[in-house]
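Engineer: Dropping a structure here in C-alpha cells format, bear with me for questions.
Number of protein chains: 2
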Amino acid sequence: MGEQKIRNMEEFAALSGLSRPTVSKYFNDPDSVRPSTRKRIEQALEQYDFRPNIYAVNQNRRLTKNIGIVVPYLADPFFAEIARNIEQLCIDTGYRPILMSSHGQTDQENDNLDTLRALKPAGVLLAPLGRISDKGVIERFCRDVPTVLFDSNIEGMGEAFIGSDNASFVDQTVDYLCRSGEPPCFFEMRTPANPNANKRRIAYLEAMARHGESPVVVSVEGDGWGFEEIGRRGAHSAIAAGDFKTNTILCSNDRLAIGVLSACYERELRVGRGPDCDLRVASHDDHPFSRFTCPALTTAAHDYKAVAGRSVETLFEMIEHGGRFRERTETLFKPYLVVRASA
Amino acid sequence: MGEQKIRNMEEFAALSGLSRPTVSKYFNDPDSVRPSTRKRIEQALEQYDFRPNIYAVNQNRRLTKNIGIVVPYLADPFFAEIARNIEQLCIDTGYRPILMSSHGQTDQENDNLDTLRALKPAGVLLAPLGRISDKGVIERFCRDVPTVLFDSNIEGMGEAFIGSDNASFVDQTVDYLCRSGEPPCFFEMRTPANPNANKRRIAYLEAMARHGESPVVVSVEGDGWGFEEIGRRGAHSAIAAGDFKTNTILCSNDRLAIGVLSACYERELRVGRGPDCDLRVASHDDHPFSRFTCPALTTAAHDYKAVAGRSVETLFEMIEHGGRFRERTETLFKPYLVVRASA
DNA sequence: ACCTAAAATTGACGCGCGTAAAAATTTTGT
DNA sequence: ACAAAATTTTTACGCGCGTCAATTTTAGGT
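Residue numbers (this note's numbering), protein chains in the order written: chain A, 9 to 351; chain B, 9 to 351.
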C-alpha cells in the first residue's frame with residue numbers, strides 16, 4: 009500500500025529500521041536473521057514491495073541462482089513437456105530457470121551456451137542436438153559450467169547423464185509385437201540428429217535376433233525437425249515399393265509414426281490390430297499427442313517425470329558438491345509400454 | 009587461441025592496446041569508434057574471447073537489451089511456433105529474447121511478469137492467459153514496462169495489440185462449409201481461457217445469420233489446456249446425444265478438432281467430404297500438426313509470420329519512441345483458408 | 001608542415017549490492 | 001542480574017562497467 013518508490017536496499021533498510029547488511033543477509037537466506045527481524049523485514053516488504061537489483065546481486069555473487077535449460081527443439085511437444093517439468097522443479101527449489109531452444113541448429117546451440125556462460129548459472133541442464141552438436145564447444149562449456157546432460161547422451165561430457173533406456177524401449181515394443189502378431193519392420197530416418205535413434209536401431213536388430221526373426225530396416229531420407237512430413241513421405245514411398253515385409257511397422261519415434269499414420273490414411277490402409285486391418289503401427293516416446301492419433305498410437309512411454317526429476321536432483325546435488333562429481337554417472341529410466349489401438 | 013583468461017574490460021583493453029572507455033564505447037556501438045580501432049578490438053576479441061560482464065553492464069544501463077516473451081502455454085505447439093519466430097526476430101535485431109511460459113496458470117503469469125520487471129527489459133511481448141489473467145497485475149506491469157500484447161487481447165492494456173482476425177477466421181470456414189455442404193455446428197469449450205474463443209462463437213452466430221441458417225452451438229465442459237482430451241470426450245457425448253444437427257462440425261480451434269477426430273475414429277465415423285463420409289470436421293488455427301491428422305484437417309490458418317513479425321516491429325518502433333505510443337493500436341491479420349481432406 | 005575536427009586517453013565518480021572486520025547491542029542461560 | 005553467545009550495526013572496500021569532463025593524440029585537408 010506504500011506509495012513510495014524504493015531505489016535501493018539502503019533506502020529499504022532505513023524504512024524497515026534496520027541496517028543494509030542485515031537486510032542483505034535476509035535476502036541471501038531469510039533464516040539467517042533473528043525471527044523478529046525477519047518479521048520486520050517481511051512486513052516492510054509487503055508495504056513497500058522492494059526487490060534487490062538482480063544485476064547488482066549477480067555481479068557480486070560468483071554463482072547466481074540461475075539454472076540454464078537448453079533443449080534442441082522447443083516446438084517439439086516432447087521437449088516442451090519435459091522442459092515444463094524441469095522449469096517447475098527449479099522454481100520449487102528457489103532457482104530461476106532460463107529456458108532456451110536450439111531450434112535444431114548447431115549455431116543456435118552454440119549461441120545458447122555462449123549466452124549461458126555469460127549468465128554465470130549455478131548449473132545447466134542440457135539436452136544437446138546430438139550428432140550435429142559441436143562437440144568441442146560443448147566440451148569447453150562443460151569445463152566451465154556444471155552441466156548435466158539429459159535425453160541425449162554425448163560420451164564423456166557433462167558431469168552426469170540422465171535419459172531413457174533406448175534398448176528397453178525397443179525390447180518392449182518388439183516383444184509385444186512379436187508375440188501379438190507378425191514381427192515388426194523398423195522405420196527410421198537415415199541420418200537422425202538424435203543419437204537415441206541409432207541406439208534404437210541397434211536394439212531392434214538385437215531384439216529381432218533374440219526372437220529368431222529376420223530384421224527389416226527401412227531408412228528414409230530427410231533433414232531437419234519436420235519428422236511428421238519425413239515419416240509421411242517416407243511411408244508413402246516405402247509402402248509403394250513394398251519395403252515393409254511384414255504387416256507391422258515399428259517407428260523409431262512417435263513423430264515419424266504420426267507421419268506414417270497419415271500416409272496410411274491417405275492410402276486407405278486400415279491401421280490397427282483388428283482382423284480387418286492392413287497394418288499395425290507402433291512407436292516410441294509417448295509423445296503428448298499419441299493418444300489422439302487415429303488410431304491411437306501404441307508406444308513405449310518415457311518416464312517424463314522421472315527423467316526431469318532425476319536430472320534436476322542430480323544437478324542440485326552437484327551444485328552442493330561444488331559443481332563437480334568424482335565420476336560421471338549415467339542414469340537410464342525404463343520406459344513402459346502403452347498399448348493403444350494402432351498395434 | 010590466446011590462453012590467457014581475461015577478467016574484465018580493463019585487462020582486455022590493455023591487451024588490445026586501448027583504453028577502457030574506448031573499448032566500452034565499442035561494445036555499445038561498434039560504429040562509434042574509428043574503423044582502424046574497431047579492427048584492432050575485433051582482432052583482440054578473436055584472440056582472447058572476452059565478453060563484458062552482462063550484470064555489470066545491465067546494472068549501469070537503465071534499459072537493457074532484453075526482450076521478454078511471455079506465452080500462456082509453451083507446450084502448445086501453436087505458441088511454441090510463434091515464440092520461435094519471435095525469438096529469431098529479436099536475435100536478428102541484436103536483442104536478447106527471454107522466453108517464459110505461464111503454464112496456463114495465473115500465478116505463473118504473475119510470477120513471470122514480476123521476474124521480467126526485475127530484468128528491466130527494453131520491452132515485452134505478452135500473450136496473456138486471457139480470461140484468467142490478473143488484469144490488475146497486467147495493467148500495473150504495462151505501466152512500468154513497454155509492452156505489446158499479441159494473440160489474445162485485453163482491452164486497453166499494453167501500447168498495442170497484434171493478433172488474428174477471429175471474425176474472419178470463422179467467416180471463411182463458415183462460408184466454405186455452407187457452400188460445399190451442410191451448414192456447420194459450432195463446437196467449443198464452455199469456459200475457454202482464451203478470449204478469442206468467444207469472438208469466434210459470436211462470429212459463427214453472425215455468419216450463420218448471414219447465410220440464413222440456424223446456428224447450433226455445442227459447448228463442452230472442461231478446464232485447463234488438455235484441449236484434445238476435452239474435445240474427444242465432448243465429441244463422444246455430443247454425438248451420442250445427437251447434439252450435432254447437421255453432418256458438419258466446426259471446431260473453435262484445431263486442438264479441439266484433433267480430439268473430435270479421435271472420437272470420430274473411435275466411433276468408426278468416417279470424416280471427410282466424400283460421399284461415403286459421415287461427418288465433416290473443420291477448425292481454426294492451422295496448428296502445426298493439422299496437416300497430419302487423419303484425415304488432414306481443413307482449417308483457417310494464422311499468418312504466424314505476419315503476427316510475429318509485426319509484433320516485434322511494433323515493439324522496436326515503440327522502444328525507439330521512448331517506450332510509449334500516442335495511442336493504442338490494434339492490428340489484426342487475416343487468416344487464410346486451408347482446405348484439406350476433413351471438410 | 002600546419003591547423004582543425006575527430007577520436008582516444010586520463011582520471012574520476014557512481015551504480016546497487018556482497019562481504020568482511022570491529023564495535024555495539026540484544027538475547028540466552030544460569 | 002551477569003557473563004557468554006548470538007545478532008546487529010558501523011565502516012569500508014570491491015565488483016565490472018557506464019559515463020563525464022578535461023586533456024592529449026590522431027587523422028584529414030590544404
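Virtual Cβ for every residue (Gly too), placed ideally from N, Cα, C. Given the structure is predicted, the values throughout are model-derived calculations rather than measurements.
#1: Report yes or no: is there a C-beta of chain A within less than 8 Å of the C-beta of residue 67 of chain B?
#2: Determine whether the Cβ of residue 82 of chain B lies closer than 8 Å to any Cβ atom of chain A.
#3: Out of A/187, A/250 and A/177, state which residue places its alpha-carbon closest to the alpha-carbon of residue 212 of chain A.
#4: Work out the CA separation of residue 245 of chain B and residue 258 of chain A for me, nearest whole Å.
#5: Let me check one thing: in DSSP terms, what residues is residue 109 of chain A bridge-paired to?
#6: Could you check if residue 262 of chain B is buried or exposed, using at least 16 other CB atoms within 10 Å of its CB as the buried criterion?
#7: Would residue 121 of chain A and residue 195 of chain A be called neighbours here (beta carbons separated by less than 8 Å)?
#8: Roughly how many angstroms separate the alpha carbons of residue 223 of chain B and residue 149 of chain B, rounded to a whole number?
#9: Confirm, please, whether the CB-CB distance from residue 192 of chain B to residue 349 of chain B is below 8 Å.
#10: Output the residue ranges of the beta strand (DSSP E) runs that lie fully inside the segment 136-216 of chain B and measure 3 residues or longer, sorted by chain position.
#11: Establish whether the CB of residue 18 of chain A and some CB of chain B are separated by less than 8 Å.
#12: What is the residue span of the alpha helix (DSSP H) that residue 127 of chain B lies within?
#13: Would you call residue 275 of chain A buried or exposed, if buried means 16 or more other Cβ atoms sit within 10 Å of its Cβ?
#14: Suppose the cutoff is 7 Å on Cβ atoms and the five residues either side in sequence are ignored; what does the same chain contact list for residue 312 of chain A look like?
#15: Kindly indicate the opening and closing residues of the alpha helix (DSSP H) around residue 246 of chain B.
#16: In whole angstroms, what is the alpha-carbon distance linking residue 70 of chain A and residue 128 of chain A?
#17: Below 8 Å, how does it come out for the segment 179-191 of chain B and the segment 151-164 of chain B: are there three or more Cβ pairs, yes or no?
#18: Report the partner residues of residue 344 of chain B according to the DSSP bridge assignment.
#19: For residue 270 of chain B versus residue 302 of chain A, is the C-beta spacing smaller than 8 Å?
#20: Under 8 Å Cβ-Cβ, which residues of chain A neighbour residue 267 of chain B?
#21: Does the beta carbon of residue 89 of chain B come closer than 8 Å to any beta carbon on chain A?
#22: Between the segment 315-326 of chain A and the segment 237-257 of chain A, are three or more C-beta pairs nearer than 8 Å?
#23: Kindly indicate which residue of A/48, A/190 and A/248 has the alpha-carbon position closest to the one of residue 220 of chain A.
#24: Looking only at C-alpha atoms, which of B/31, B/180, B/278 and B/110 sits nearest to residue 201 of chain B?
#25: Quick check on residue 22 of chain A: buried or exposed, where buried means 16 or more other Cβ atoms within 10 Å of its Cβ?
#26: Of all Cβ atoms in chain A, is any one closer than 8 Å to the Cβ of residue 36 of chain B?
#27: So who's on the other strand from residue 338 of chain A, going by DSSP bridges?
#28: Anything in the segment 187-206 of chain A with a Cβ closer than 8 Å to a Cβ of chain B? List those residues in chain order, please.
#29: Are any of the Cβ atoms in chain B nearer than 8 Å to that of residue 270 of chain A?
#30: Indicate whether residue 198 of chain A and residue 227 of chain A have their beta-carbon atoms separated by less than 8 Å.
#31: Identify which residue in B/309, B/135, B/116 and B/296 has its Cα closest to the Cα of residue 83 of chain A.
#32: Determine, using beta carbons only, whether residue 109 of chain B comes closer than 8 Å to chain A.
#33: Please report the straight-line C-alpha distance between residue 247 of chain A and residue 118 of chain A, rounded to a whole angstrom.
#34: At what residues does the alpha helix (DSSP H) containing residue 258 of chain B begin and finish?
#35: DSSP puts residue 84 of chain B in a beta bridge; with which residues?
#36: Pair every Cβ in the segment 158-173 of chain A with every Cβ in the segment 306-322 of chain A, then say whether three or more of these pairs are closer than 8 Å.
Structural biologist: This is what the structure holds:
#1: yes
#2: yes
#3: A/177
#4: 33 Å
#5: A/79
#6: buried
#7: no
#8: 40 Å
#9: no
#10: 155-158, 168-172 and 193-197
#11: no
#12: That residue, residue 127 of chain B, is in no alpha helix (DSSP H); it is neither H nor E in DSSP.
#13: exposed
#14: 89, 90 and 93
#15: 235-249
#16: 8 Å
#17: no
#18: B/309
#19: yes
#20: 300
#21: yes
#22: no
#23: A/190
#24: B/110
#25: exposed
#26: no
#27: A/169
#28: none
#29: yes
#30: yes
#31: B/296
#32: yes
#33: 39 Å
#34: Residue 258 of chain B -> not in any alpha helix (DSSP H); beta strand (DSSP E) instead, spanning 256-259.
#35: Answer by DSSP bridge pairing: none, since residue 84 of chain B is not bridged.
#36: yes
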